[in-house]
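Student: Dropping a structure here in structure tokens format, bear with me for questions.
Residue numbers (mature numbering (1 follows the signal peptide of the UniProt record, and there is no 0)): -18 to -1, 1 to 369.
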């Protein structure tokens, strides 16, 4: 699956096959969309997700850089299921940029989902309009939707199930997508006013935490347990800042810019309700010690960061990851000149057996020049000395 994070370019795509299902859906589980094709692991029990971040389509960086961005997208998107972040698609012809952004994925018939962040809300476009456009024009391949969240600037919160086979009624994995809101003021040439309803810089603290709790409790009631989770959100939570001090695999070019700060750059703590809901979700593993059900929380936003880390004292053992920089728009850091995307390679064995009953996932950075780097296995052994 291709995951596109923040309309710098958004696309989450799964290596899985997708087949139609007419199975009746349990009431209240919003991720089970009637008539939607199932995402499944392949015959060998594998499922791959590629997270593209910060494509910055639609910025006025020039024809040459735009063409380089398209080239990078075509090359990197050859890896199947994708998640994309659509950032800076705020020009008058924004939907035209969306079409170009999705073109490599659509041409390969790869399913995808999108997360929404700061550059996706602007004078001429907003998250709700983007979601509606995607559902109207790309319904066969797109799994992006809106379950909860304030419209029009923060409604992109939803989950997508992934099944072991097309015949299963209980998913082996749930992918969660969250809207980190924020707003780019002005026309792209300079600052401008921010609408009061858009002046928020964190996942909505009022609707999203109860949504996570309610949907998780329903999955446990209906399926007997809560499947492992992979979480995507464009702007990272504030805990990524102290976590940056751990020199883990991947690039650490940026001190993370995060959720939770207001427009005066004062930390509010209002990203914590969302984070605490994810920690509670991670503690739903049915196998003692009942931790590790959230495989990773991965973000874009900080172009120079492509690392993962976790500690008991900062993140309650939940891994926070960064995707790097996929596009030729936006700023460039010394280690992000070769564009990349983050790959998550999941297996049924890794989810069901894992390490001591705790699910695990392999992840690495895949580069435009056909190289990979920084491969790790997220699970109990990763950074065990700090957990």
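We put the CB at the ideal spot given by N, CA and C, even for glycine.
None of these values were measured; they are calculated from a predicted model.
Between which two residues does the alpha helix (DSSP H) containing residue 370 stretch?
Tutor: Residue 370 lies beyond the residue range present for the chain, which begins at -18 and ends at 369; the question has no answer from this structure.
Student: Count the CB pairs spanning the segment 357 to 368 and the segment 328 to 343 that are closer than 8 angstroms, and state whether there are at least three.
Tutor: The segment 357 to 368, when compared against the segment 328 to 343, does touch it at the 8 angstroms Cβ threshold.
Student: Have a look at residue 375 and residue 178 and give me their C-alpha separation to the nearest angstrom.
Tutor: Lying outside -18 to 369, the shown extent of the chain, residue 375 is not represented and no answer is given.
Student: With a CB to CB cut of under 8 angstroms and the five nearest residues on each side skipped, what residues in its chain are close to residue 367?
Tutor: Hits under 8 angstroms: none found.
Student: Which runs of the beta strand (DSSP E) at least 3 residues long sit entirely within the segment 284 to 326? Give them in chain order.
Tutor: Fully enclosed beta strand (DSSP E) runs of 3 or longer: 302 to 304.
Student: Taking the Cβ atom as the reference point for each residue, do residue 226 and residue 317 lie within a distance shorter than 9 angstroms?
Tutor: No.
Student: Is the separation between the beta-carbon of residue 162 and that of residue 217 shorter than 9 angstroms?
Tutor: It is a contact, given that the beta carbons lie within the stated cut-off.
Student: The alpha helix (DSSP H) spanning residue 205 covers which residue range?
Tutor: That run of the alpha helix (DSSP H) goes 190 to 205.
Student: Looking at the unbroken alpha helix (DSSP H) that takes in residue 123, where does it start and where does it end?
Tutor: Element bounds for residue 123: n/a, residue is neither H nor E.
Student: Considering only their Cβ atoms, is the gap separating residue 208 from residue 275 smaller than 9 angstroms?
Tutor: Yes.
Student: Have a look at 34, 187, 196, 123 and flag the residue whose alpha-carbon is nearest the alpha-carbon of residue 89.
Tutor: Cα-wise, what sits closest to residue 89 is 123.
Student: Look at the Cβ atom of residue 126, then the Cβ atom of residue 116, and state whether they are nearer than 9 angstroms.
Tutor: Their beta carbons are under 9 angstroms apart, which means residue 126 touches residue 116 by this criterion.
Student: Cβ of residue 30 within 9 angstroms of Cβ of residue 328?
Tutor: Yes; because the gap between Cβ atoms is below 9 angstroms, this pair is in contact.
Student: Expressed to the nearest angstrom, what Euclidean distance is found between the alpha-carbon atoms of residue 346 and residue 260?
Tutor: Distance between the alpha carbons of residue 346 and residue 260: 23 angstroms.
Student: Can you say whether residue 191 is buried or exposed, counting buried as having 16 or more other CB atoms within 10 angstroms of its CB?
Tutor: Per the 10 Å Cβ criterion, buried.
Student: Beta carbon of residue 93, beta carbon of residue 200: below 9 angstroms?
Tutor: Not in contact: residue 93 and residue 200 (Cβ atoms no closer than 9 angstroms).
Student: Using DSSP's beta-bridge definition, name the partner residues of residue 249.
Tutor: DSSP output for residue 249 lists 243 as bridge partner(s).
Student: Give me, in chain order, the residues of the same chain whose beta-carbon lies closer than 6 angstroms to that of residue 141; leave out the 5 immediate sequence neighbours on both sides.
Tutor: These residues qualify, in order along the chain: 13, 156, 158.
Student: Does the count of Cβ pairs from the segment 242 to 256 and the segment 173 to 189 closer than 8 angstroms reach three?
Tutor: With the cut-off at 8 angstroms, the segment 242 to 256 and the segment 173 to 189 touch.
Student: Taking the alpha-carbon of residue 196 as reference, which of 130, 120, 330, 32 has the nearest alpha-carbon?
Tutor: Comparing Cα-Cα distances from residue 196 to each of 130, 120, 330, 32, the minimum goes to 130.
Student: Please state the DSSP three-state secondary structure of residue 216.
Tutor: Reduced to three states, the DSSP call for residue 216 is coil.
Student: As a quick exercise: from 23, 210, 249, 219, pick the residue whose alpha carbon is nearest that of residue 281.
Tutor: Closest by alpha carbon: 219.
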